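In this note's numbering, the protein residues as written are 682 to 1009. Think of the CB as a built atom: it goes at the ideal place given N, C-alpha and C, for glycine as much as any other residue. Just so it is clear, the structure is predicted and the values come from calculations on it, not from any experiment. First up is the structure itself, then whatever we jot down about it.
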Ligand SMILES: Cc1cc2nc3c(=O)[nH]c(=O)nc-3n(C[C@H](O)[C@H](O)[C@H](O)COP(=O)(O)OP(=O)(O)OC[C@H]3O[C@@H](n4cnc5c(N)ncnc54)[C@H](O)[C@@H]3O)c2cc1C
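See below:
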């Protein structure tokens, strides 16, 4: 009797449950992490809507209307969303939550999501849960703590649950097979003079984007200079790989910080990760240890990176890398 009652209650709760996924995009193209966030939303059960906010975001929103499992694509176009600042998007998300009664709000744990959702959570007076790697139920989430050395399972008691999800922990959702309705929502009250978007400089590269690449070649302090990263670019081009770096290489100015992998950089989980001249500090491992095959090239046989490597080469990188590139 009791179990029937709780089953019915469970079904009702699921029916009233609805999730808003915040799409990340550049008006033209959807960022792949949005598809990972949609998969995470599906694990919660209930209704799913996606919010696409931008200046002229028609192309980005139309790529979502056929995504399977979505009921609505909410669109907000306004000059206020230039630069996608957290200050302008927060009131939009709060209004959407009030209008539609979303119980969950999800974004990818990217620079965009990490800047936006804590602000939304504070305005709603709830606790955000960051970098979720697994969803156990509508209120129970797993995240890694202590640079990936421990897993924390949290039960969230807040009425509205705000999550950023780690892209590499959820398969990308298909953008086919569905027929979501679209609805324009008002951007009234979103213009703000608290921040003004001035400009951004995006690094352009013909190589794959680091977070979604199938192969990554990564360099550390052992490279000794920015010029020597050319060795890694040559190897990466043969493997169609992206190039990443340790924080020590970034801090030394060898490469820009959007290449940093680790606890305070990007999290990657490619099929192949080649760590070159990287010692394997836990903060670096936190960003790459879920890679399927890890190869390490280091002249120090005691380097901790060899403890996580599937294949290790104890060698001078300045000899080994050009040889490898030549043989490929
Ligand atoms: C709060 C906090 C957050 C952090 N976040 C990050 C992060 O996100 N990402 C990150 O990477 N680090 C992070 N760090 C820094 C981290 O602790 C390490 O200092 C850093 O990862 C070391 O980088 P590295 O392996 O390139 O340099 P090193 O530790 O100096 O290692 C260089 C390696 O190169 C090898 N080497 C040298 N010359 C050669 C050669 N000729 N051939 C082959 N091998 C050679 C050496 O044997 C050595 O193992 C963080 C630290 C803190 C405190």
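- Membership of residue 822 in any alpha helix (DSSP H) is not indicated; the residue belongs instead to the beta strand (DSSP E) covering 821–826.
- In the structure shown, residue 832 adopts extended strand secondary structure according to DSSP, grouped into three states.
- Residue 846 and residue 717 have their C-alpha atoms some 8 Å from each other.
- DSSP places residue 983 in no alpha helix (DSSP H); its state is neither H nor E.
- At a cut-off of 8 Å, the beta-carbon of residue 972 does not count as near ligand 1: no heavy atom of the ligand is closer than that.
- A distance criterion of 8 Å places the beta-carbon of residue 743 beyond contact range of ligand 1, judged by its closest non-hydrogen atom.
- Rounded to the nearest whole angstrom, the CA to CA distance from residue 720 to residue 997 is 43 Å.
- With respect to the C-alpha of residue 881, the residue from 698, 727, 763 having the closest C-alpha is 763.
- The continuous beta strand (DSSP E) containing residue 923 extends over residues 923–926.
- When only Cα atoms are considered, residue 966 and residue 911 end up about 23 Å apart.
- Rounded to whole angstroms, the gap between the alpha carbons of residue 903 and residue 919 is 21 Å.
- The residues 804, in chain order, have a CB closer than 6 Å to that of residue 775 in the same chain once the five nearest residues on each side in sequence are set aside.
- Closer than 8 Å to some heavy atom of ligand 1: that does not describe the Cβ of residue 906.
- Around the CB of residue 943, 16 or more other CB atoms lie within 10 Å, so the residue is classed as buried.
- DSSP places residue 990 in the coil class of the three-state scheme, outside both helix and strand.
- For residue 813, the distance from the CB to the nearest heavy atom of ligand 1 is not below 8 Å.
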